[in-house]
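Visitor: In order, the protein sequences belong to chains H, Z and A.
Using this note's numbering, you'd call the opening residue of the first sequence number 50 and step up by one each time.
Using this note's numbering, you'd call the opening residue of the second sequence number 59 and step up by one each time.
Using this note's numbering, you'd call the opening residue of the third sequence number 129 and step up by one each time.
Think of the CB as a built atom: it goes at the ideal place given N, C-alpha and C, for glycine as much as any other residue.
Have a look at this one.
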Amino acid sequence: MSELLAATALRELVGRWLADGRRVAGPQCAKTHDDLHRHDLIRYGWLTAADQLLLAGFIRPLNSIKEFVFPRHEELYSYRFKGKQIELLPIETDPREQIIIGARPCDAAALGILDRVFNWDFRDEFYNRRRELTTVVTLACSEHDDHCFCTSVDSGPGDTRGSDVLLIPLEADQYEVRCLTEKGKRLFAGQTAASTTEGKVLAGPPPRLDLAAVGDFLDGGYENPEWQKITLRCLGCAACAYTCPTCHCFDMVDEGNAAGGVRVRNWDACQFAAFTVHVSGHNPRSVQAQRQRQRIYHKFQIYPKKFGELLCTGCGNCTRNCPVGLGVLPVLQSIVDKSQKNVPSPSGREC
Amino acid sequence: MSQPSDFQPKIIAYVCNWCTYLGADLAGTNRLEYPANVRIIRLPCTGRIDFNLLVKAFEMGADAVLVSGCHPGDCHYTAGNYHARRRWILFRQLLETMGIDSRRVQFSWISAAEGKKWQQVITEITEKTQELGPYAAYREICQAGG
Amino acid sequence: MLDELREKCKQLLANGTVQVVIGYGQPAEAGGVVPVFITTPEDAQQLVWNDQCFANLTKYLLRSEIKALGKAAICVKGCDERALVVLERESQIDRTQIVVIGLLCDGVGQPRLPKCEACDVHKPRAADVLIGQPPADGQPLPAEQRYAALAAFLRKTPEERIAYWMAELSRCTKCYACRQVCPMCYCRQCIADKNRPVAISTSATLKGNFAWQITRAFHLASRCVGCDECSRVCPAGIDLRLLNLSLAQAAEKSFAFRAGMDPAAEPVIGAYREQDHEEFIR
Numbered sequence: 050m051s052e053l054l055a056a057t058a059l060r061e062l063v064g065r066w067l068a069d070g071r072r073v074a075g076p077q078c079a080k081t082h083d084d085l086h087r088h089d090l091i092r093y094g095w096l097t098a099a100d101q102l103l104l105a106g107f108i109r110p111l112n113s114i115k116e117f118v119f120p121r122h123e124e125l126y127s128y129r130f131k132g133k134q135i136e137l138l139p140i141e142t143d144p145r146e147q148i149i150i151g152a153r154p155c156d157a158a159a160l161g162i163l164d165r166v167f168n169w170d171f172r173d174e175f176y177n178r179r180r181e182l183t184t185v186v187t188l189a190c191s192e193h194d195d196h197c198f199c200t201s202v203d204s205g206p207g208d209t210r211g212s213d214v215l216l217i218p219l220e221a222d223q224y225e226v227r228c229l230t231e232k233g234k235r236l237f238a239g240q241t242a243a244s245t246t247e248g249k250v251l252a253g254p255p256p257r258l259d260l261a262a263v264g265d266f267l268d269g270g271y272e273n274p275e276w277q278k279i280t281l282r283c284l285g286c287a288a289c290a291y292t293c294p295t296c297h298c299f300d301m302v303d304e305g306n307a308a309g310g311v312r313v314r315n316w317d318a319c320q321f322a323a324f325t326v327h328v329s330g331h332n333p334r335s336v337q338a339q340r341q342r343q344r345i346y347h348k349f350q351i352y353p354k355k356f357g358e359l360l361c362t363g364c365g366n367c368t369r370n371c372p373v374g375l376g377v378l379p380v381l382q383s384i385v386d387k388s389q390k391n392v393p394s395p396s397g398r399e400c
Numbered sequence: 059m060s061q062p063s064d065f066q067p068k069i070i071a072y073v074c075n076w077c078t079y080l081g082a083d084l085a086g087t088n089r090l091e092y093p094a095n096v097r098i099i100r101l102p103c104t105g106r107i108d109f110n111l112l113v114k115a116f117e118m119g120a121d122a123v124l125v126s127g128c129h130p131g132d133c134h135y136t137a138g139n140y141h142a143r144r145r146w147i148l149f150r151q152l153l154e155t156m157g158i159d160s161r162r163v164q165f166s167w168i169s170a171a172e173g174k175k176w177q178q179v180i181t182e183i184t185e186k187t188q189e190l191g192p193y194a195a196y197r198e199i200c201q202a203g204g
Numbered sequence: 129m130l131d132e133l134r135e136k137c138k139q140l141l142a143n144g145t146v147q148v149v150i151g152y153g154q155p156a157e158a159g160g161v162v163p164v165f166i167t168t169p170e171d172a173q174q175l176v177w178n179d180q181c182f183a184n185l186t187k188y189l190l191r192s193e194i195k196a197l198g199k200a201a202i203c204v205k206g207c208d209e210r211a212l213v214v215l216e217r218e219s220q221i222d223r224t225q226i227v228v229i230g231l232l233c234d235g236v237g238q239p240r241l242p243k244c245e246a247c248d249v250h251k252p253r254a255a256d257v258l259i260g261q262p263p264a265d266g267q268p269l270p271a272e273q274r275y276a277a278l279a280a281f282l283r284k285t286p287e288e289r290i291a292y293w294m295a296e297l298s299r300c301t302k303c304y305a306c307r308q309v310c311p312m313c314y315c316r317q318c319i320a321d322k323n324r325p326v327a328i329s330t331s332a333t334l335k336g337n338f339a340w341q342i343t344r345a346f347h348l349a350s351r352c353v354g355c356d357e358c359s360r361v362c363p364a365g366i367d368l369r370l371l372n373l374s375l376a377q378a379a380e381k382s383f384a385f386r387a388g389m390d391p392a393a394e395p396v397i398g399a400y401r402e403q404d405h406e407e408f409i410r
């Protein structure tokens with residue numbers, strides 16, 4: 050027994066969510082003035098109308114859904130100087146429910162990872178509040194490109210981690226709706242029709258990594274000179290970290306003046322040269338190769354040792370967004386697995 | 059003719075210490091009245107003006123910005139204003155492209171002897187900005203969340 | 129042309145003229161054409177040259193890990209070569225210590241990138257080695273053509289323009305890919321990294337993004353050579369070239385200056401003339 054929903058009905062439902070005053074985010078075309086732009090960008094963003102939502106015809110958005118629970122800029126509290134006193138004031142928060150529709154399973158799986166980090170040694174109320182307000186509706190992937198490697202990192206096109214509802218595309222513009230949590234059931238209650246047709250999650254990309262070989266290499270390979278060679282072209286920007294569903298580093302800054310200001314939390318990235326600069330001026334990761342190495346170790350050794358799962362869901366965004374074609378998969382393939390790949394395909398920017 | 063308005067614009071004036079600041083002072087000692095809307099920020103020389111300062115002025119709620127210094131040839135540091143002028147020529151184009159209201163950014167040369175000119179320039183810029191109204195676009199930019 | 133390039137680089141490495149060739153390659157796992165650093169004559173076979181060779185490799189000449197490899201040969205297209213002129217003018221490189229391999233280019237990208245449609249440097253002008261056949265035309269393009277995209281943009285009203293930038297810059301995440309890819313952004317401590325006190329907000333808010341992009345555009349005034357790498361690499365697809373074009377046009381209009389075209393030209397910022405125009409100054 051399954052529950053089905055037509056694509057048109059799904060879009061109408063999204064329209065009703067918006068009309069109800071709920072915040073809804075999903076993949077959309079961030080198109081700008083056609084005569085001045087040469088590419089369309091598909092990104093997750095807040096929808097203002099149901100017809101903006103894109104559900105097919107592309108591999109995956111170029112950003113991730115983490116920004117809806119872990120925004121790139123978040124105000125923590127504000128402060129005012131009153132003579133020698135400091136007055137702290139809370140920031141008003143948005144109480145509205147938020148729904149992420151059409152998320153990729155590799156994005157949703159990352160939420161579980163973020164849940165752990167933000168509740169590990171300290172309960173992060175800012176993160177938890179947004180997480181609580183969020184319902185995630187994932188869409189099982191019908192296609193992949195050469196950058197996808199979810200199946201090589203214990204994930205796949207039908208991964209249900211982090212998801213409240215999984216939609217599986219069926220023939221004739223329909224979806225099977227699998228409600229995975231109470232939140233999910235509440236969202237789709239009464240909207241679907243029972244059926245005997247069951248959706249099938251497709252196979253996903255072929256294996257591209259041997260995790261055991263990666264683990265072995267990392268155990269002994271910290272000083273391997275290949276790190277320098279492979280990462281020499283890295284520019285040291287944060288395109289990989291900021292578009293990654295699992296990267297979660299942040300910087301806290303006070304922004305203000307003599308009268309007062311706001312303490313904010315902004316995204317930060319281990320790839321920036323100044324990320325590990327000490328007050329003394331010493332920088333333990335002063336060379337880009339060390340910073341690239343650290344990123345791989347964090348994702349494939351340090352985090353797994355601590356939390357029992359990889360800090361990577363194989364979405365491929367790091368490589369898609371990297372100006373020089375680095376990213377987790379190319380680096381690991383270069384350094385661990387020397388086998389040939391198939392002919393590369395263009396990056397996933399097409400609409 | 060502009061209507062009498064309740065709107066009191068905030069004008070930030072970045073002025074050089076040796077000419078315009080003294081010119082403003084002269085206006086004061088001569089009891090020349092000029093609108094109190096201007097907030098004067100004194101710098102050693104117009105050559106020190108970084109365009110960040112103009113952007114910050116708008117971020118902090120300025121409705122118009124004036125940048126003023128010594129006449130060419132009279133710079134206390136010989137050439138600071140010449141360098142500044144070069145930068146201003148380029149920067150105006152950037153303002154145009156960004157759509158930042160260039161009517162709200164004014165440049166002038168006011169010497170230490172030109173108290174009258176200071177009075178005139180400030181009066182003009184205040185009246186003009188009153189007509190333009192508050193700089194709503196930059197407020198919106200500053201209030202947008204992350 | 130590719131064979132000529134590979135053979136030349138192989139020779140340069142084999143006879144010890146250079147210790148590293150900075151060029152374009154297509155390693156299988158990269159999924160496209162990327163910068164490569166060839167250090168042995170055999171590896172010269174990895175070099176490629178095609179219309180996917182987007183990167184401006186001159187950025188790498190300033191990296192200490194790459195300088196440590198020894199004397200370099202660098203592959204440049206005409207647009208990239210302009211960066212070498214600016215870098216030398218600013219004392220960041222010594223041309224006599226670099227072998228410049230100029231690649232004759234009729235454009236990159238499919239379809240061709242906007243910069244290629246406005247290009248008049250198909251042939252690198254001061255290369256030590258020139259690879260490829262010169263194109264039939266070599267005429268300088270009139271300025272109207274080179275700034276056509278900007279002219280089209282400026283037909284919008286100021287209100288439309290600022291609305292455009294508010295929409296575009298709302299996507300900026302402060303990843304600084306634009307800065308990192310730019311050969312002219314070589315400050316050891318970028319103004320954006322200054323925090324005692326903070327000069328530019330690091331927040332990826334509209335306010336912070338406006339402050340950053342205005343500052344970066346201005347710090348590149350009369351230095352940007354129009355390689356457009358910043359626009360290409362932006363993960364949020366922001367058309368940064370419009371900002372750079374506007375300052376380039378101002379430099380050309382007011383001072384007849386184009387960055388990187390004439391090694392002997394006096395720079396715009398850092399020099400002045402008593403007769404610089406000032407009709408806009410009260």
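Assign Cys315/A to one of two classes, buried (16 or more other C-beta atoms within 10 Å of its C-beta) or exposed (fewer than that).
Guide: The residue you call residue 315/A lines up with position 187 of the third sequence. Exposed, by the Cβ-count rule.
Visitor: Report the residue from Thr333/A, Ile319/A and Leu334/A whose alpha carbon sits nearest the alpha carbon of Ala327/A.
Guide: What you label residue 327/A is simply residue 199 of the third sequence in a count that begins at 1. When each option's Cα is compared against that of Ala327/A, the closest is Ile319/A.
Visitor: Check whether the Cβ of Phe182/A lies closer than 9 angstroms to any Cβ atom in chain Z.
Guide: Sequence index remark: in the third sequence, residue 182/A carries index 54 (1-based). Not one chain Z Cβ lies under 9 angstroms of Phe182/A.
Visitor: Just the chain A side, please: which residues come within less than 7 angstroms of Asp195/H by C-beta, in chain order?
Guide: Taking the first sequence and counting its residues from 1, one reaches residue 195/H at position 146. Result: Gly159.
Visitor: Mind reading off the beta-carbon distance from Leu112/Z to Ser374/A? Whole number of angstroms is fine, and I expect it under 8 angstroms.
Guide: For this step, residue 112/Z is matched to residue 54 along the second sequence. For this step, residue 374/A is matched to residue 246 along the third sequence. So it is not a contact: roughly 16 angstroms between Cβ atoms.
Visitor: Grab the span of the alpha helix (DSSP H) containing Lys234/H for me, first residue to last.
Guide: Here residue 234/H refers to the residue found at position 185 of the first sequence. Glu231 to Phe237 is the span of the alpha helix (DSSP H), which, as asked, contains Lys234/H.
Visitor: Output, in sequence order along the chain, the residues in the region 296 to 319 of chain A whose CB is closer than 7 angstroms to any CB in chain H.
Guide: Hits within the stretch, in order: Glu296, Arg299, Thr301, Cys303, Tyr304, Ala305, Gln308 and Val309.
Visitor: What whole-angstrom Cβ distance do Val185/H and Asp213/H have, given they're in contact under 8 angstroms?
Guide: On the first sequence, residue 185/H is found 136 positions in, with the first residue counted as 1. On the first sequence, residue 213/H is found 164 positions in, with the first residue counted as 1. Val185/H to Asp213/H, Cβ: 5 angstroms. Contact.
Visitor: Where do the ends of the alpha helix (DSSP H) carrying Gln77/H lie?
Guide: Stepping through the first sequence from its first residue, residue 77/H is reached at position 28. Looking at the DSSP string, Gln77/H is not in any alpha helix (DSSP H); the run it does join, the beta strand (DSSP E), is Arg72 to Cys78.
Visitor: Below 9 angstroms between beta carbons is the criterion; list the residues of the region 278 to 298 of chain A that meet it against any residue of chain Z, in chain order.
Guide: Here the close residues are Leu278, Phe281, Leu282, Lys284, Thr285, Pro286, Glu287, Glu288, Arg289, Ile290, Ala291, Tyr292, Trp293, Met294, Leu297 and Ser298.
Visitor: Return the residues of the region 244 to 261 of chain A that lie within a Cβ-Cβ distance of less than 9 angstroms from chain Z, sorted by chain order.
Guide: If the cut-off is 9 angstroms between Cβ atoms, the region 244 to 261 of chain A has nothing near chain Z.
Visitor: Using a Cβ cut-off of 7 angstroms, pull out every chain A residue sitting near Pro408/H, in sequence order please.
Guide: The question about residue 408/H has no answer, for chain H in this structure spans 50 to 400.
Visitor: Return the CA-CA distance between Glu189/Z and Ala142/Z, expressed in angstroms with no decimal places.
Guide: Your numbering for residue 189/Z matches position 131 in the second sequence. Your numbering for residue 142/Z matches position 84 in the second sequence. Distance between the alpha carbons of Glu189/Z and Ala142/Z is about 29 angstroms.
Visitor: Taking Phe165/A as the query, report the chain H residues whose CB atoms sit under 7 angstroms from its CB, ordered along the chain.
Guide: Locating residue 165/A in the third sequence gives position 37, counting from the first residue. Near Phe165/A (Cβ distances below 7 angstroms), the residues of chain H are Leu281.
Visitor: Taking the straight line between their C-alpha atoms, what separation do you get for Ala243/H and Tyr224/H?
Guide: Locating residue 243/H in the first sequence gives position 194, counting from the first residue. Locating residue 224/H in the first sequence gives position 175, counting from the first residue. Taking the straight line joining both Cα atoms gives about 12 angstroms.
Visitor: Closest to Arg89/Z by CA distance: which of Asn75/Z, Gln177/Z and Ala195/Z is it?
Guide: Translated into the one-based positions of the second sequence, residue 89/Z becomes position 31. Of Asn75/Z, Gln177/Z and Ala195/Z, the residue nearest in Cα terms is Gln177/Z.
Visitor: In chain order, what residues of the same chain have a beta carbon less than 6 angstroms from the beta carbon of Gly365/H, not counting five sequence neighbours either side?
Guide: To locate residue 365/H, count along the first sequence from 1; it is residue 316. Counting only Cβ-Cβ distances below 6 angstroms, and skipping sequence neighbours, we find His196 and Cys197.
Visitor: So the beta strand (DSSP E) Met301/H belongs to, where does it begin and stop?
Guide: Position 252 of the first sequence, counted from the start, is the residue given in the question as residue 301/H. Its beta strand (DSSP E) spans residues Phe299 to Gly305.
Visitor: Secondary structure at Asp83/H, three-state DSSP: helix, strand or coil?
Guide: As a position in the first sequence, residue 83/H is number 34, starting the count at 1. Residue confidence is low: Asp83/H scores 40 on pLDDT, short of 50, so the model does not pin down where it sits. No coordinate-derived value is stated.
Visitor: For Glu154/Z, would you say it is in contact with chain A, using Cβ-to-Cβ distances shorter than 9 angstroms as the test?
Guide: Here residue 154/Z refers to the residue found at position 96 of the second sequence. Yes, contact with chain A.
Visitor: Could you name the residues that DSSP lists as bridge partners for Pro163/A?
Guide: For this step, residue 163/A is matched to residue 35 along the third sequence. DSSP lists Tyr152/A as partners of Pro163/A.
Visitor: Please decide whether Lys187/A counts as near chain H, where near means a Cβ-Cβ distance under 9 angstroms.
Guide: Within the third sequence, residue 187/A is the residue found at index 59, counting from 1. Lys187/A counts as touching chain H.
Visitor: For Gln337/H, collect the residues of the same chain with a Cβ closer than 7 angstroms to its Cβ; drop the 5 residues on either side in sequence, then sort them by chain order.
Guide: In the first sequence, the residue the question calls residue 337/H occupies position 288. Result list for Gln337/H: Thr280, Cys283 and Gly285, in chain order.
Visitor: What are the residues in the region 79 to 93 of chain Z lying within 8 angstroms of chain A by C-beta distance?
Guide: Correct list: empty, as no residue qualifies.
Visitor: Under three-state DSSP, which class holds Asp404/A?
Guide: Numbered from 1 along the third sequence, position 276 holds the residue referred to as residue 404/A. Here Asp404/A sits in coil by DSSP.
Visitor: Spatial neighbours of Val123/Z within its chain, please: CB distance less than 8 angstroms, with the 5 preceding and 5 following residues excluded, ordered by chain position.
Guide: Looking up residue 123/Z in the second sequence gives position 65. Contacts found: Ile69, Ile70, Ala71, Tyr72, Leu112, Ala115, Phe116, Arg162, Val163 and Gln164.
Visitor: Which one or two residues does DSSP pair with Cys203/A in a beta bridge?
Guide: Within the third sequence, residue 203/A is the residue found at index 75, counting from 1. For Cys203/A, which the question treats as bridged, DSSP gives the partners Ile229/A.
Visitor: DSSP beta-bridge partners for Arg92/H?
Guide: As a working mapping, residue 92/H is identified with position 43 in the first sequence. In DSSP, Arg92/H forms a bridge with Gln77/H.
Visitor: According to DSSP, is Ile205/Z helix, strand or coil?
Guide: Residue 205/Z lies beyond the stretch modelled for chain Z, which goes from 59 to 204, so this question has no answer here.
Visitor: Given Glu247/H, which residues of its chain have a CB within under 7 angstroms of its CB, disregarding the five upstream and five downstream residues?
Guide: Numbered from 1 along the first sequence, position 198 holds the residue referred to as residue 247/H. The residues are Ser51 and Glu225.
Visitor: Report, in whole angstroms, the separation of the C-beta atoms of Cys207/A and Lys243/A, which I expect to be a contact under 8 angstroms.
Guide: The sequence position of residue 207/A within the third sequence is 79, counting from 1. The sequence position of residue 243/A within the third sequence is 115, counting from 1. Going by Cβ atoms, the distance from Cys207/A to Lys243/A rounds to 7 angstroms, so yes, they are a contact pair.
Visitor: Taking 9 angstroms as the CB-CB limit, is Tyr135/Z close to chain A?
Guide: Taking the first residue of the second sequence as 1, we reach residue 135/Z at position 77. False, the Cβ-Cβ gap to chain A never drops below 9 angstroms.
Visitor: What in chain A is Cβ-close to Glu304/H, meaning under 8 angstroms?
Guide: The sequence position of residue 304/H within the first sequence is 255, counting from 1. Near Glu304/H (Cβ distances below 8 angstroms), the residues of chain A are Val326, Ser329 and Ser331.
Visitor: Excluding the 5 residues preceding and the 5 following Glu154/Z in the sequence, name in chain order all residues of the same chain whose CB lies nearer than 7 angstroms to its CB.
Guide: Start at 1 with the first residue of the second sequence, and residue 154/Z comes out as number 96. Same-chain partners within the cutoff: Ser160.
Visitor: Among Phe383/A, Cys355/A and Ala384/A, which one has its Cα closest to the Cα of Leu370/A?
Guide: On the third sequence, position 242 is the one that residue 370/A refers to. It is Cys355/A whose Cα lies nearest to the Cα of Leu370/A.
Visitor: Which word fits Tyr11/H, buried or exposed, when buried means at least 16 other C-beta atoms lie within 10 angstroms of its C-beta?
Guide: There is simply no residue 11/H to check, as chain H begins at 50 and stops at 400 in what is shown.
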